[in-house]
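Here's the structure we're looking at; comments come further down.
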């Protein structure tokens, strides 16, 4: 349609500007102008009679049209005057039967009608000159219906389609809110007709052009509920397009990335985050979904993952963790989970709480949780492959805290698995072994039946030299540790006490009890720093005290023998050299 023809038509169309209360980016209630087109002058006389929609009239109805499950008993004259399709169908029906009034009893079934019953009824009311109101929300369905019914000027002038074209080009397309609302009202279908596909393309182009407008030039209203400010934020558009179907949302994201190479990847990431929060379930809520809802959620999640920019940091690690938990909740494909694990692993240094690394799914038994430690294992491997050694200390600290958390919660965690997880982190990564000690101590408490070799295997992973004084004090008083570990701790304490941190008991005179060790043992027996053990009984506490005293006696004797032997050996070396 030519521009001058559109302008002529627009002067004949009564466009009503309605006012709606809306919250803008300043969180102040203002009046947002949405466009509505009113057509027709007569009052609405449509009503329902039994299971049929009909119109109040002195003239008997002579045509029945069925749209999906609804029948309409109407009049041929006003309908055929405006609808080219009904003209042909009635002409064919009349020529194929001798009963000229057959269409009044046998319905015309429009099986391929592209819109709903409401859209057909609006078209029918237009034919009767009954007052109707068109808006961005119902425009797409009425547009599809009018195209299907062939309500063009070539059939009758003036007709509905030209008026719809004018309303669309002059009032919907230039307006941000109306363009988004019209696009949101279109149900996505892979087999949509050509007319509706053209409409979708025009709406997407309009939305994209406005998104790419510099924030300083944005003059239209939009929805923004986060961190309001005086100026227009760069992500002003993200909340409005979160209402769209995932297919239309994806088309917009791909279009803006193709049109603007300078668009920050983090801005796209923010749009994905807003869409996720609005359209996917909260992973913390244990809701029960139907199979159709789960399928829809999986399609949305898969699309979101495919849209994440390749640049590291485009989305936060926390967002990737959220997506992974959603993937577990909706039972997404293994490939989607693997991609999220890989991406999260490359940003593992952003994690500050070990709880963010806890992934579990519900087992068959009520209340049973199956922890997915394999996800965290793969994340650590992905991070190590990224080569970001400057951040590895931070990752190791949170990882050790995670090991302590999972050692307490996962009752099915095997010794071999824990050892493997500990060894994932290279030796240089851990600035201290305090967190590792706590994790191993927790595992020992949760598995009191471990054999001596198993305890030894586990405690060999601890570098006692990397324990802080407070943690060493606790470890010396810990009856869960094997004797060999206790001896190592006492050597270190003796070295600290004698002021010689470089050797283990080198400064202790031969055949003389180690006062440093004795003081350490006495101090730690009198005032321990135990890790909390709920429900411990007094009897068990007394038995543990007895074992500690015996371990202290054996360890002291062992250290005295070692230091005496070391001193005698040093004396012999001096004599030989002289």
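In the UniProt record's numbering, the protein residues as written are 1 to 578.
The C-beta atom is built at its ideal place from N, Cα and C for all residues, glycine as well.
So, with DSSP's three-state summary, where would you put residue i?
i	result
residue 383	helix
residue 150	coil
residue 369	strand
residue 92	helix
residue 362	strand
residue 108	strand
residue 222	coil
residue 391	helix
residue 251	helix
residue 113	coil
residue 155	coil
residue 461	coil
residue 351	coil
residue 141	helix
residue 271	helix
residue 122	helix
residue 498	coil
residue 59	coil
residue 261	coil
residue 242	coil
residue 127	helix
residue 342	helix
Classify residue i: buried if its beta carbon has 16 or more other beta carbons within 10 angstroms, exposed otherwise.
i	result
residue 436	buried
residue 162	buried
residue 177	buried
residue 48	exposed
residue 310	exposed
residue 442	buried
residue 402	buried
residue 399	buried
residue 331	exposed
residue 215	exposed
residue 60	exposed
residue 277	exposed
residue 217	exposed
residue 249	buried
residue 125	buried
residue 407	buried
residue 579	Because the chain spans 1 through 578 in this model, residue 579 falls outside it and cannot be assessed.
residue 166	buried
residue 35	buried
residue 179	buried
residue 420	exposed
residue 194	exposed
residue 275	buried
residue 259	exposed
residue 196	buried
residue 82	buried
residue 480	buried
residue 493	buried
residue 431	exposed
Could you please give me the residues that DSSP links to residue i through a beta bridge?
i	result
residue 49	52
residue 73	54, 64
residue 133	38
Are residue i and residue j touching if we call contact CB-CB under 7 Å?
i	j	result
residue 73	residue 51	no
residue 489	residue 472	yes
residue 79	residue 85	no
residue 434	residue 382	no
residue 341	residue 379	yes
residue 328	residue 361	yes
residue 134	residue 67	no
residue 188	residue 145	no
residue 184	residue 122	no
residue 281	residue 325	no
residue 42	residue 63	no
residue 587	residue 338	Given that the chain is displayed from residue 1 to residue 578, the structure contains no residue 587 and the question cannot be resolved.
residue 426	residue 459	no
residue 304	residue 272	yes
residue 198	residue 251	no
residue 239	residue 213	no
residue 209	residue 173	no
Less than 6 Å separating the Cβ of residue i from some heavy atom of the ligand ZN?
i	result
residue 46	For the structure depicted, the ligand ZN is absent and the ligand set is empty, with no information on it obtainable.
**Message:** At 4 residues or longer, what runs of the alpha helix (DSSP H) sit wholly inside the region 161–209?
**Reply:** 176–184
**Item:** Whole beta strand (DSSP E) elements within the region 283–336, 3-residue minimum
**Value:** Along the length of the region 283–336, whole beta strand (DSSP E) runs at least 3 residues long do not occur.
**Item:** Continuous alpha helix (DSSP H) assignments of at least 4 residues falling wholly in the region 409–441
**Value:** 415–424
**Message:** Quick check for students: name the residue ranges of the alpha helix (DSSP H) that lie wholly in the region 451–495, counting only runs of 4 or more.
**Reply:** 452–459, 469–476
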